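Visitor: Throughout the sequence shown, residue numbering follows full-length UniProt numbering, covering 1 to 324 in sequence.
For glycine and all other residues, C-beta sits at the position ideal for the given N, C-alpha and C.
Predicted, not measured: the structure shown is a model, and the values here were computed from it.
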Amino acid sequence: MGDFNYPDIDWENWNTKGERSNNNENRFLESLQDNFLCQHTTKQIRWRGADTPHTLDLVITNEEEMISMICEIPEPKPIFIQNKLEELNINKDMVLKHLQKRKTDKSPGPDNLHPRLLFEVKEGIAEPLSTIFSQSLTKKVVLNEWKNALVSAIFEKGNKSQAKNYRPVSLTSVVCKIMEKIVREHIISHMIQNKLFSNKQYGFISGRSTALQLLEVIDKWTESLDNGHQVNCIYTNFMKAFDKVLHRKLVKKIEKFRIINPILDWITDFLPYRKQRVSVNGETSEWKEVTSGIPQCSVLGPLLFVLYINNLPDCVTSDAYLFA
1 MGDFNYPDID WENWNTKGER SNNNENRFLE SLQDNFLCQH TTKQIRWRGA
51 DTPHTLDLVI TNEEEMISMI CEIPEPKPIF IQNKLEELNI NKDMVLKHLQ
101 KRKTDKSPGP DNLHPRLLFE VKEGIAEPLS TIFSQSLTKK VVLNEWKNAL
151 VSAIFEKGNK SQAKNYRPVS LTSVVCKIME KIVREHIISH MIQNKLFSNK
201 QYGFISGRST ALQLLEVIDK WTESLDNGHQ VNCIYTNFMK AFDKVLHRKL
251 VKKIEKFRII NPILDWITDF LPYRKQRVSV NGETSEWKEV TSGIPQCSVL
301 GPLLFVLYIN NLPDCVTSDA YLFA
């Protein structure tokens, strides 16, 4: 599988748009035919963010019917939701509560509004901020300044001269994080009330942890061994999982939990058209667009990822436990 970057090949008719017989596209087609290989994809199937599909990933096999022999992924179980998401009314007290909880030793985002400053003037800014947040939610628009991130490199271990020994951390607007907390709490309340979180998920949910997950699986394995059964365990890890989330699929999954407007459209606007730049020793790079994935180091990010993979255990017949 892969993107071979041959846009001029017509895969439905197995020919090229160019007239030259010795171009790369024709040579690639001849190579496939000489080796009796089949290519199964005919349309663009991959995109970035909210763009239309623009990349054609090739799936090449040595059997014409191989793809049809692969079992289809099971459909997720239907979600029964008794109560729809209640209306979110952001008020002064709600904002003040989160301002009082801000850690004042944290770094500011690209807007340079320091948590210490926000904490010291919390009584005076709580009401104006509640008005701004309410307008943002009502109009379903996230300010462009809230979508910017400053990436810093945090040293972990080893040789300080090697980039691999540093972990990137994104600093985003502290003000935006306060609104994210309010939206996050509202969504979690809805999910818990309707019992929508998978009972196989142990990450980013209050009251659940790796320790609890370990106790659960050990109990299952012990019971299985006591009954004379064999236990096979597979550990998997999604590399750069947050970066690979497709925005349109994420929004569709959120919608299935009856997370409705204006919050749905606010999240839809929260995801795309983000920018970031790197800061090292006081020097900063140019702004670059972030075209896919869940915003790193955001408050909403972990919850959105949990919603994205919530039905994964339903797609396998064996027990599956999640921590992400």
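1. Check the DSSP bridge columns for Arg-277 and list the partner residues they point to.
2. Over what stretch of residues does the alpha helix (DSSP H) that includes Leu-129 continue unbroken?
3. Bridge partners of Val-299, per DSSP?
4. So what does DSSP say about Arg-167, is it helix, strand or coil?
5. Which word fits Gly-158, buried or exposed, when buried means at least 16 other C-beta atoms lie within 10 angstroms of its C-beta?
6. Should Ile-267 be labelled buried (16 or more other beta-carbon atoms within 10 Å of its own) or exposed?
7. Counting only the same chain and skipping the five closest in sequence on each side, list residues whose C-beta sits under 6 Å from that of Lys-106.
8. Looking only at its own chain, which residues have a Cβ that is under 7 Å from the Cβ of Gln-193, when we skip the five neighbours before and after it?
9. What's the gap between the Cα of Asn-89 and the Cα of Leu-117?
10. Check each candidate in Phe-119, His-247, Glu-156 and Lys-275 and name the one with the smallest Cα separation from Leu-304.
11. Between Val-299 and Glu-145, is the Cβ-Cβ spacing less than 8 Å?
12. According to DSSP, simplified to helix, strand and coil, what is Cys-315?
13. Please check the pair Leu-85 and Asn-62, which I expect to be a contact at CB under 8 Å, by giving their CB distance rounded to whole angstroms.
14. Does the Cβ of Thr-172 have 16 or more other Cβ atoms within 10 Å, making it buried, or fewer, making it exposed?
15. Going residue by residue through the segment 76–125, where are the continuous alpha helix (DSSP H) segments of at least 4 residues, counting only ones entirely within it?
16. My assumption, with CB atoms under 8 Å, is that Leu-113 sits in contact with Val-175. Please give the rounded CB distance.
17. Apart from the five residues on each side of it in sequence, which residues of its chain come closer than 7 Å, Cβ to Cβ, to Arg-258?
Guide: In this structure, then:
1. Leu-150
2. 122–139
3. Answer is none; Val-299 lacks a bridge partner.
4. strand
5. exposed
6. buried
7. Pro-115
8. Asn-83
9. 26 Å
10. His-247
11. no
12. helix
13. Actually they do not touch by this definition, with Cβ atoms about 50 Å apart.
14. buried
15. 92–100 and 115–120
16. 6 Å
17. Ile-81, Lys-84 and Leu-85
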